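Chemist: This is the structure I have questions about; it appears just below.
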Amino acid sequence: MLKLSDLYLLSPELSLTLLALVVMTVDLFTKRRIVVAATALIGLIVPVALTISQIFILDFSHANHAFSNMLSVDSYAVFFKIIFLLIAVVMVLASYEYVKKYVKADGEFYTLMLFSVVGMMLMASTTELITIYISLELTSIPLYVMAGLIRSNEKSAEAAVKYVLLGAMSSAILLYGFALLYGLTGTTDLMGIATLIKNGMHTSNVITSVQGNLMELIAGVLILAGFGFKISAVPFHMWSPDIYEGSPTPATAFFSVGSKAAGFAALIRVFIDGGLGQVNLTSLVVVISIVAVLTMTLGNFVAAVQTNAKRMMAYSSIAQAGYILVGFVASFASNKSDGNAAVLFFILIYVVTNLGAFSGIIALGDLTGGDKIEDFRGLARRSPLLAACTAACLASLAGIPPLAGFWSKVIIFSTAWGLGLNWLVIVALLNSIVSLVYYGRIIKSMYFDAPLKLDRLKMPIGLSTSITFAAAALVVLTVAAQFIINAATPAASSLLAFLLGR
Amino acid sequence: MNIFTNDITWILLLPVIGAVGVYATPTKIARWVALVFSALVFALSIIMFFRILSDGGFSNFGDLRHLPDSFDALWINFNAGSFHFNIHYFVGVDGLSLPLVVLNALITMLAVIGGWEKTRVKEYLALILLLESGVMGVFVSLDLFLFFLFWEVELAPMFLLIGIWGNDAIKHGVPGRIYSAWKFLLYTFFGSVFMLAGFIFVYLQSGQTSARLTDLSTHLLVGSVQIPLIGVTLSLQLIAFLLVFAAFAVKIPMFPLHTWLPDAHTDAPTEVSVILAGVLLKMGAYGLIRFCLILFPQGAHEFSGVLAVLAVINIIYGAGICLVQSDMKKLIAYSSVSHMGIILLGVAAATGTGDMAFRMAALTGATVQMFSHGIITALLFFCVGVIYDKAHTREIVIFGGVAKRMPMLATLFTFAALASLGLPGLAGFVAEYMVFTGSFKIWTAVTIVSVFTMILTASYLLWMIKRVFYGPFNKKWDWLPDASPRELIPLFALAGVIVFVGIYPTALINVITPSLSQLMHSALAFVK
């Protein structure tokens, strides 16, 4: 039965879908790009307001289900929704000049982005396999198009084609995993799956325990592989450097934060809510740990030798995914929510700092047309604001104290240590040291190297807003880290609460 | 008490606000903004000084739990499994830190005046203010992790200040400013990694839920551990001491970790050298007394013999190298190494075995030396800066008889040199006399060797003064103007403080003594 309260639970996504349609329509009738961007920006107030109202109105002591358990608005979902809406706002601001200069298709760019954000928000808040899959496709298909939006550029077209092909393959793998899970349990509802895995499965009308059942393990690994593509975990990362480099930079920024955060949101939800850890835990933990180690190590070492800033950021985002996996696997292995709380905190900080760093790269592209690391040379003299904010964001990504990135690393590593994954933490720490090299190199060339040209760069207003916003948010998050921790802890335990409750 | 009604919070915040203000205003106003904010911080630190004095004097400084001026609030609180990660915003001043807070505020204010006509002056002054805030944080934090954070905060502005405004002369294939900035960064970072490891080690071993100094000082490390393979048994305190001390040893700098200092000094712009020598080196000595002595008294005691030997190497080796320097700034940089060795000697004596009164005198002397070396070296660097800004060289042999053209500067430079070599009646003498008398009873042989530094110091400084300012006049420098009134402000201000501390050291010693005697009695009393 459709209830009105169900619609309220869905209202942020609904209003965002409407907004995307409105932006598309407005674009048909006006040639002035500022109107399109302003519509998107002002329109975003509605879903943001609705999400914030949910924080205050809903009771998060239990999950709020709607549409026969397909939608589940718990504090975990709301935490991610806020992140995605934040991304949308920053992206609209940061992409304005770039879209004018290179993409020349405002309506399409903003509409696609908003549709993709709808998909991401749904990915965080569904608890049913088919809906998860559909939201994943809703997230991805706009991304494929966004990658190819610079129509005159071969690299952009190449990126789009690669993205479609590899994306299709990965969602097939994911779907295969889902199918196995459905075949084993006979339900697509995550709660039902968790219950059945716990109580034993139906095989030809006989209830058998699934301990040691190979199919469950294979399903888990396939699902990990499917989402691994989204979060660009090694060995499913091959797509990201090429696609990051070829795509329009705002789209790259969007992939690196939105797609990754959404991938993690769904991955954690499926693994924890679906109760996959109840059987074959050791094997799954080993697999995820190995993936985490590979992801960190390869990401960091290959990032250190890049010459293109976008490619470097691609590998850096791979490395960051590895750190996040450390927190997740600690939580998954110990069945405690602390690790996931650290993950949520980490993802929020990562999103803010990565958006800031990418705003810097977008600005560089707008102003000088380059995205090589050598194009950063002497930027501190040409545009002090841009250089200072980019440097702060990069230093935070490197985890240099006392910026917020240091907190997120301290928290995620100390949690993993406390939950008993000491060796993984040591690997992660060694990796963090390597990461200083490539982040430090950009900071060094911005501040110490002689500039290529001596002109002053004038920052467009949208970009200076978004980059200052990111840097300011960084400082605020550093000081107010406790508030985020306080929000992330119940959000993470809301996943587990329902598993432990029965 | 509210966090924003506490004056220490404002001492930390005002420079940051000032830095933003400097960035945001046009160049002409920006200088005045920087000056106003640095002066405000200085005024606030002086007000704090007199407020504590009128509120019952400095005798309340002993117990860190009940400092006359402190603030404590839980900042970060995160629990994971059995691991509690808590950071307190716990700040306060006592006899050890109050002089350094005042010193930092004073020197930063003078540095702003000194850097008035730099290129890209806005960024320069903004970074100096940020640096001030970071260093203030180091001096006032009483929570281990908060201290570590501020320790790192100071790195970034210093790195940029040396790297951007430094000397362009090529060194090892790269411009010297970049070489030295990286060297400074890597050395300090290398040390602070060990410090963090040591802090975490103490914190976990203590079993406390917070890393406030007051919590940990009542739960000292006990026991020892046998190192595998070599089979040596080390006490846990010694291990922790060595880990934490690594960071401070780099900063002080202690032989053999001192090599970053001459590079950083020669390549840094004048005001940055002044701050580096005047305040930043004190961070290491301060940390040694504040954290190592309170948290690992046993470890410090076990290490005191080695420390005494390292101190004498610092003192004599640093002074010996000064004799062969041809660059004025490098000479003063190495003289810092020598003078900081005296602090190490004082600490080594305090942790040694012997009469409490002498050990106390040595430690007090070391603390006074932190202050007096701060003002004397700052004055020396300012003097060199004045010459360098006009003549664009610091080579000693090129000059000669310059006093003819720069009488004012020559007088002040000579005055600074006399203060530095420990002329009675000036600040340097008080500290060195106290340290040497105190340590003579504890480490007799070491002290006898160290005292020869007085002769060495006199020879290198006076020899340099003679070659630069006196002797036959080099006609090449006929055009040199004397120091301008703006340049004279910091020189006279510092000279005044040097005379004051030299003639009436009691003012300073009264502040220091209550804290140190508490420290000696609670931490080091077990060493008879």
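First to last, the protein sequences are chains A and B.
Counting from 1, position 55 in the first sequence corresponds to residue 55 in my numbering; the numbering is continuous, with no gaps.
Counting from 1, position 52 in the second sequence corresponds to residue 554 in my numbering; the numbering is continuous, with no gaps.
For each residue, glycine too, the CB sits at the ideal point set by N, CA and C.
Predicted model only: the values in this text are computed from it and were never measured.
Please compile the residues from chain B whose C-beta is within a distance smaller than 7 angstroms of the C-beta of A:Pro402.
Modeler: Correct list: Leu651, Glu654, Val655.
Chemist: In chain A, which residues lie less than 8 angstroms from B:Ile578 when you measure between Cβ atoms?
Modeler: Ordered by position in chain A, the residues that pass the 8 angstroms Cβ test against B:Ile578 are Trp407, Ala481, Gln482, Ile485.
Chemist: To test your reading of the DSSP string, which unbroken alpha helix (DSSP H) runs of 4 or more residues are found completely within the segment 728-813 of chain B?
Modeler: For the segment 728-813 of chain B, whole alpha helix (DSSP H) runs of length 4 or above, ordered along the chain, are 738-753, 762-769, 772-777, 783-789.
Chemist: Is there contact between the segment 599-610 of chain B and the segment 521-533 of chain B, where contact requires at least three CB pairs shorter than 8 angstroms?
Modeler: No: fewer than three Cβ pairs fall under 8 angstroms.
Chemist: With DSSP run on the structure shown, which of helix, strand or coil describes A:Trp417?
Modeler: Three-state DSSP puts A:Trp417 in a helix.
Chemist: Would you check if the distance between the CB atom of A:Ala262 and the CB atom of A:Thr131 is smaller than 7 angstroms?
Modeler: No, these two residues do not count as a Cβ contact at 7 angstroms.
Chemist: Using CA coordinates, which residue listed in B:Leu846, B:Ala766, B:Leu865, B:Met910 is at the minimum distance from B:Pro1016?
Modeler: When each option's Cα is compared against that of B:Pro1016, the closest is B:Leu865.
Chemist: Taking the continuous beta strand (DSSP E) assigned at A:Asn340, which residues delimit it?
Modeler: Element bounds for A:Asn340: not the beta strand (DSSP E) but the alpha helix (DSSP H), 338-368.
Chemist: State the Cα-Cα distance for the pair A:Leu397 and A:Thr353, rounded to the nearest angstrom.
Modeler: The straight-line gap from Cα to Cα measures roughly 7 angstroms.
Chemist: Quick one: residues in its chain with C-beta nearer than 8 angstroms to the C-beta of A:Phe301, no 5 flanking neighbours on either side, listed in chain order?
Modeler: Here the set comprises Val434.
Chemist: Express the C-alpha separation of B:Thr949 and B:Met858 in angstroms, rounding to a whole number.
Modeler: So the two alpha carbons sit approximately 17 angstroms from each other.
Chemist: With A:Gly322 and A:Gly299 assumed to form a contact (beta carbons below 8 angstroms), what rounded beta-carbon distance in angstroms separates them?
Modeler: Contact holds; Cβ gap of about 6 angstroms.
Chemist: Mind pulling the chain A residues with CB within less than 7 angstroms of B:Ala931?
Modeler: One detail in the question is off: residue 931 of chain B reads as Phe in this sequence, not Ala. By Cβ distance, chain A contributes nothing, its closest Cβ being about 40 angstroms from B:Phe931, past 7 angstroms.
Chemist: DSSP three-state call for B:Phe679: helix, strand or coil?
Modeler: This sequence places Arg at residue 679 of chain B; Phe is not what is there. It is helical.
Chemist: Does A:Leu71 come out as helix, strand or coil in the three-state DSSP assignment?
Modeler: The answer is strand: DSSP assigns A:Leu71 an E or B state.
Chemist: Does the structure place the segment 680-689 of chain B close enough to the segment 766-773 of chain B that three or more beta carbon pairs sit under 8 angstroms?
Modeler: In short, these stretches touch, since the Cβ pair count reaches three.
Chemist: So what does DSSP say about B:Met1022, is it helix, strand or coil?
Modeler: Residue state, collapsed to three classes: helix.
Chemist: Under 7 angstroms between the Cβ atoms of A:Leu363 and A:Cys393?
Modeler: As written in the sequence, residue 363 of chain A is Ala, which differs from the Leu given in the question. No. Outside cutoff.
Chemist: Does the distance from the C-beta atom of B:Ser635 to that of B:Val518 stay below 7 angstroms?
Modeler: The answer is yes: Cβ separation under 7 angstroms.
Chemist: Within 8 angstroms, do at least three Cβ pairs link the segment 422-437 of chain A to the segment 325-343 of chain A?
Modeler: Touching, per the Cβ criterion.
Chemist: Output yes or no for whether 7 angstroms exceeds the beta carbon distance between A:Ala387 and A:Leu474.
Modeler: Contact: no.
Chemist: Where does B:Gly594 sit, in a helix, a strand or coil, going by DSSP?
Modeler: B:Gly594 falls in the strand class under three-state DSSP.
Chemist: Over what stretch of residues does the alpha helix (DSSP H) that includes B:Asn606 continue unbroken?
Modeler: Residues 600-616.
Chemist: How is B:Glu1034 classed by DSSP in three states: helix, strand or coil?
Modeler: Because chain B is modelled from 503 through 1030, residue 1034 of chain B falls outside the range shown and cannot be assessed.
Chemist: Smallest Cα separation from B:Phe585: which of A:Ser11, A:Pro451, A:Lys458, A:Gly418?
Modeler: The shortest C-alpha separation from B:Phe585 is found at A:Gly418.
Chemist: Helix, strand or coil: which one does DSSP assign to A:Arg311?
Modeler: Helix at A:Arg311.
Chemist: Are any of the Cβ atoms in chain A nearer than 7 angstroms to that of B:Gly665?
Modeler: Closer than 7 angstroms: yes.
Chemist: Could you please give the first and the last residue of the uninterrupted alpha helix (DSSP H) stretch that includes B:His875?
Modeler: 858-893 is the extent of the alpha helix (DSSP H) around B:His875.
Chemist: Going by DSSP in three states, B:Phe975 sits in which element: helix, strand or coil?
Modeler: Correct three-state label for B:Phe975: coil.
Chemist: Quick check: the Cα distance between B:Phe954 and B:Ile818, rounded to an integer number of angstroms?
Modeler: For B:Phe954 and B:Ile818, the distance between alpha carbons rounds to 8 angstroms.
Chemist: Taking B:Leu882 as the reference, give the member of B:Met785, B:Leu996, B:Gly940 with the closest Cα.
Modeler: Nearest C-alpha to B:Leu882: B:Leu996.
Chemist: For a minimum of 3 consecutive residues, which ranges assigned as the beta strand (DSSP E) are wholly contained in the segment 974-1011 of chain B?
Modeler: Correct list: empty.
Chemist: Quick one, which of A:Glu154, A:Asn199, A:Glu128, A:Ala157 has its alpha-carbon nearest A:Leu175's?
Modeler: The residue with the shortest Cα to Cα distance from A:Leu175 is A:Glu128.
Chemist: What span of residues does the alpha helix (DSSP H) with A:Asn64 cover, start to end?
Modeler: First-last for A:Asn64: 64-66, but that is the beta strand (DSSP E), not the alpha helix (DSSP H).
Chemist: B:Phe580 bridges to which residues according to DSSP?
Modeler: For B:Phe580, which the question treats as bridged, DSSP gives the partners B:Phe587.
Chemist: Let me know if B:Phe750 comes out buried or exposed under the rule of 16 or more other beta-carbons within 10 Å of its beta-carbon.
Modeler: Buried, because 16 or more other Cβ atoms sit within 10 Å of the Cβ of B:Phe750.
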